[in-house]
Amino acid sequence: MKHRTKYILQSALFLLCIFSFSALCIFFPDKAQSEAERRPLKQFPALTVSSITSGRFMSDFEAYALDQFPMRDAFRKAKALTSTKLLAQTDNNGLYEQDGVLCKMEYPMDEDSIAHASQRFRAIYDSYLRDKNVNVYMSVIPDKNAFLAESSGHLSMDYEALYSEMAQQNDFAEFIDIAPTLSIEDYYATDTHWRQEAIVDTAEVLAASMGAEISGKYTTNTLDAPFYGVYAGQYALPTEPDRLCYLTNDTIESYRVYDHENSRAIPVYDPAKADGSDPYEVFLSGPLSLITIENPAADTAKELIVFRDSFGSSIAPLLAEGYRKVTLVDIRYLPSAVLGEYIDFEGQDVLFLYSTLVLNNSSTMK
Numbered sequence: 632m633k634h635r636t637k638y639i640l641q642s643a644l645f646l647l648c649i650f651s652f653s654a655l656c657i658f659f660p661d662k663a664q665s666e667a668e669r670r671p672l673k674q675f676p677a678l679t680v681s682s683i684t685s686g687r688f689m690s691d692f693e694a695y696a697l698d699q700f701p702m703r704d705a706f707r708k709a710k711a712l713t714s715t716k717l718l719a720q721t722d723n724n725g726l727y728e729q730d731g732v733l734c735k736m737e738y739p740m741d742e743d744s745i746a747h748a749s750q751r752f753r754a755i756y757d758s759y760l761r762d763k764n765v766n767v768y769m770s771v772i773p774d775k776n777a778f779l780a781e782s783s784g785h786l787s788m789d790y791e792a793l794y795s796e797m798a799q800q801n802d803f804a805e806f807i808d809i810a811p812t813l814s815i816e817d818y819y820a821t822d823t824h825w826r827q828e829a830i831v832d833t834a835e836v837l838a839a840s841m842g843a844e845i846s847g848k849y850t851t852n853t854l855d856a857p858f859y860g861v862y863a864g865q866y867a868l869p870t871e872p873d874r875l876c877y878l879t880n881d882t883i884e885s886y887r888v889y890d891h892e893n894s895r896a897i898p899v900y901d902p903a904k905a906d907g908s909d910p911y912e913v914f915l916s917g918p919l920s921l922i923t924i925e926n927p928a929a930d931t932a933k934e935l936i937v938f939r940d941s942f943g944s945s946i947a948p949l950l951a952e953g954y955r956k957v958t959l960v961d962i963r964y965l966p967s968a969v970l971g972e973y974i975d976f977e978g979q980d981v982l983f984l985y986s987t988l989v990l991n992n993s994s995t996m997k
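Just remember that this note's numbering sits 631 ahead of the position in the sequence shown, which is counted from 1.
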């Protein structure tokens with residue numbers, strides 16, 4: 632009788648949990664965004680005959696239910712603690728911590744993705760740059776795994792092979808190797824990006840390789856708000872914040888920056904964005920498809936076009952010291968087929984500057 636009562640109570644408690652969470656799922660509104668992970672959450676899938684018969688509805692519903700599960704962040708933290716502390720796993724969903732630095736394993740090298748990126752760059756060259764009076768350059772920004780994987784014992788792709796492939800597949804461009812100028816200290820501990828105040832030497836190498844000059848002398852401004860990068864939320868465990876700094880001088884303060892996507896003037900740095908969902912948007916207002924920086928203090932008529940990802944937002948203000956005008960293009964948002972409608976390609980320096988994170992996951996390039 633006691634055993635029967637025990638089983639009944641266990642079953643009742645189990646059913647109570649199931650129905651309680653089901654009720655919460657029904658009555659709690661769906662969230663559009665995960666602030667911790669900085670990504671959109673799955674929404675309820677379309678219910679159609681074709682989605683049901685193909686099985687797509689159930690797979691999409693499963694993804695939706697996982698994203699919209701009540702107390703999701705608390706369960707993510709419990710899972711991370713179990714994985715790293717109890718089970719002693721060296722990573723949590725591909726993220727690991729080494730000496731206070733959070734890093735994501737980028738492995739293996741996706742040769743198809745590298746080829747796709749190179750095809751997009753080749754198409755830009757063939758459509759707009761071939762037979763034009765332009766100087767074309769390329770450089771690759773290594774992600775943090777390039778510096779941490781070997782010492783921490785985590786999987787890593789062959790970065791030298793990636794650099795070599797990019798140089799060979801894009802032989803129309805002069806390859807500028809900036810890897811020797813970088814170390815793990817040049818990156819934020821909780822984020823993917825490099826720290827602007829730490830890449831002055833990198834900017835100098837790029838500028839010198841393109842025949843431009845930059846001052847290398849700046850005032851460092853440190854924001855009061857703590858900076859928790861994208862890895863801090865994804866890792867789901869407590870981490871120490873970074874500090875967000877930006878560099879300025881009289882030349883940088885004189886820049887005129889225009890956001891062509893939204894037809895507006897924007898500041899070089901917007902400290903107010905440090906309180907937003909992605910504080911890195913302090914630099915040139917974040918992921919915008921087409922930006923121009925005009926430097927009225929320039930003693931040269933040289934212009935630069937940079938095809939870039941988000942890393943370019945923080946190095947562009949430094950490079951712009953050596954040019955009268957810098958145009959930043961992000962072909963993840965602006966299709967390369969329409970570039971001729973916005974840019975006159977003639978006489979500029981052209982730099983393809985991309986991180987290994989984007990090159991190894993290049994499906995978003997248009």
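Every residue gets a Cβ at the ideal spot worked out from N, C-alpha and C, and that includes glycine. Values in this document were obtained by computation on a predicted structure and should not be read as measured data.
Point to revise | Coil, strand or helix - residue 986 by DSSP | key: For the purposes of this step, residue 986 is taken as the residue at position 355 of the sequence shown. Reduced to three states, the DSSP call for residue 986 is strand.
Practice item. Could you have a look at residue 620 and say whether DSSP puts it in helix, strand or coil? Key: Nothing about residue 620 can be read from this structure; the chain reaches only from 632 to 997.
Exercise for review: Verify whether the separation of the beta carbon atoms of residue 873 and residue 829 is less than 8 Å.
Suggested key: Position 242 of the sequence shown, counted from the first residue, corresponds to residue 873. Position 198 of the sequence shown, counted from the first residue, corresponds to residue 829. Taking 8 Å as the Cβ cut-off, residue 873 and residue 829 do not qualify as a contacting pair.
**Study point:** According to DSSP, residues forming a beta bridge with residue 897
**Key:** Locating residue 897 in the sequence shown gives position 266, counting from the first residue. DSSP lists 888 as partners of residue 897.
Point to revise | Collapsed DSSP secondary structure at residue 652 in the structure displayed | key: Counted from its first residue, the sequence shown places residue 652 at position 21. Confidence at residue 652 is low in this model, with a pLDDT of 48, below 50, so its placement is unreliable and no value can be given for it.
Review point. Would residue 861 be called buried (16 or more neighbouring beta carbons within 10 Å of its own) or exposed?
Key: Indexing the sequence shown from 1 puts residue 861 at position 230. So residue 861 ends up on the buried side.
Practice item. Please determine if the region 934 to 944 and the region 903 to 915 are in contact, where contact requires at least 3 C-beta pairs separated by less than 8 Å. Key: yes
**Study point:** Where the alpha helix (DSSP H) through residue 874 begins and ends
**Key:** Counting from one through the sequence shown, the residue named residue 874 turns up at place 243. Segment 873 to 879 is the beta strand (DSSP E) holding residue 874; no alpha helix (DSSP H) there.
Review point. Could you give the uninterrupted runs of the beta strand (DSSP E) lying entirely in the region 761 to 814, keeping only those of 3 residues or more?
Key: 766 to 772
**Study point:** Contained alpha helix (DSSP H) runs [length at least 4] in the region 822 to 873, N- to C-terminal order
**Key:** 831 to 840 and 861 to 866
Practice item. For residue 790, count neighbouring Cβ atoms within 10 angstroms of its own Cβ and tell me buried if that reaches 16, exposed if not. Key: In the sequence shown, counting from the first residue as 1, residue 790 sits at position 159. Burial call: buried.
Practice item. Locate the beta strand (DSSP E) running through residue 729, then write down its first and last residues. Key: Translated into the one-based positions of the sequence shown, residue 729 becomes position 98. From DSSP, the beta strand (DSSP E) with residue 729 extends over 726 to 729.
Review point. What do you reckon, are the CB atoms on residue 974 and residue 936 nearer than 8 Å?
Key: The sequence position of residue 974 within the sequence shown is 343, counting from 1. The sequence position of residue 936 within the sequence shown is 305, counting from 1. A contact, by the Cβ cut-off of 8 Å.
Review point. Among residues of its own chain, excluding the 5 on either side of residue 850, which ones have a beta-carbon nearer than 8 Å to its beta-carbon?
Key: On the sequence shown, residue 850 is found 219 positions in, with the first residue counted as 1. Excluding sequence neighbours, residue 850 sits near 878, 879 and 880.
**Study point:** Test item: CB-CB of residue 926 and residue 958 under 8 Å
**Key:** On the sequence shown, residue 926 is found 295 positions in, with the first residue counted as 1. On the sequence shown, residue 958 is found 327 positions in, with the first residue counted as 1. Not closer than 8 Å, so no.
Review point. In terms of residue numbering, what span does the beta strand (DSSP E) encompassing residue 959 cover?
Key: Here residue 959 corresponds to residue number 328 of the sequence shown, with the count starting at 1. Segment 956 to 960, the beta strand (DSSP E) holding residue 959.
Review point. Between which two residues does the alpha helix (DSSP H) containing residue 816 stretch?
Key: Reading the sequence shown from its first residue, position 185 is the one you call residue 816. Run containing residue 816: none; DSSP gives neither H nor E here.
**Study point:** Delimiting residues of the beta strand (DSSP E) encompassing residue 922
**Key:** Position 291 of the sequence shown holds residue 922. Unbroken beta strand (DSSP E) run through residue 922: 921 to 925.
Review point. Can you tell which of 817, 835 and 836 has its C-alpha closest to the C-alpha of residue 827?
Key: Start at 1 with the first residue of the sequence shown, and residue 827 comes out as number 196. The residue with the shortest Cα to Cα distance from residue 827 is 817.
Exercise for review: Could you tell me which residues DSSP pairs with residue 735 in its beta bridges?
Suggested key: The sequence position of residue 735 within the sequence shown is 104, counting from 1. DSSP lists 726 as partners of residue 735.
Check your understanding: DSSP on residue 980, reduced to helix/strand/coil?
Key -> Within the sequence shown, numbered from 1, the residue matching residue 980 stands at position 349. It is a strand residue.
Exercise for review: From the DSSP output, read off the bridge partner residues of residue 914.
Suggested key: As a working note, residue 914 is residue 283 in the sequence shown. Paired residues: 900.
Check your understanding: Taking residue 969 as the reference, which of 997, 729 and 839 has the closest Cα?
Key -> Here residue 969 is taken as the residue at index 338 of the sequence shown, counted from 1. For residue 969, the nearest C-alpha among the options comes from 997.
Practice item. Name the residue from 986, 980, 677 and 992 whose alpha carbon lies nearest to the alpha carbon of residue 843. Key: Numbered from 1 along the sequence shown, position 212 holds the residue referred to as residue 843. The shortest Cα separation from residue 843 among 986, 980, 677 and 992 belongs to 980.
Check your understanding: Short check: CB of residue 770 to CB of residue 984, under 8 Å?
Key -> Here the question's residue 770 lines up with position 139 in the sequence shown. Here the question's residue 984 lines up with position 353 in the sequence shown. Closer than 8 Å, so yes.
**Study point:** Closest residue to residue 939 among 896, 971 and 989 (Cα-Cα distance)
**Key:** Working through the sequence shown from its first residue, we reach residue 939 at position 308. Closest by alpha carbon: 989.
Review point. For the putative contact between residue 765 and residue 971, defined by C-beta atoms under 8 Å, what is the C-beta separation to the nearest angstrom?
Key: Locating residue 765 in the sequence shown gives position 134, counting from the first residue. Locating residue 971 in the sequence shown gives position 340, counting from the first residue. No, residue 765 and residue 971 are not in contact; Cβ-Cβ is about 14 Å, not under 8 Å.
Check your understanding: Closest by CA to residue 793, which one among 853, 803, 744 and 891?
Key -> One-based indexing of the sequence shown puts residue 793 at position 162. When each option's Cα is compared against that of residue 793, the closest is 744.
Point to revise | C-alpha gap between residue 757 and residue 679, whole angstroms | key: Taking the sequence shown and counting its residues from 1, the one referred to as residue 757 is at position 126. Taking the sequence shown and counting its residues from 1, the one referred to as residue 679 is at position 48. Using only the alpha carbons, I get a separation of about 44 Å.
Review point. Would you report the Cα separation of residue 900 and residue 951, rounded to the nearest angstrom?
Key: The count along the sequence shown starts at 1 and reaches residue 900 at position 269. The count along the sequence shown starts at 1 and reaches residue 951 at position 320. The straight-line gap from Cα to Cα measures roughly 14 Å.
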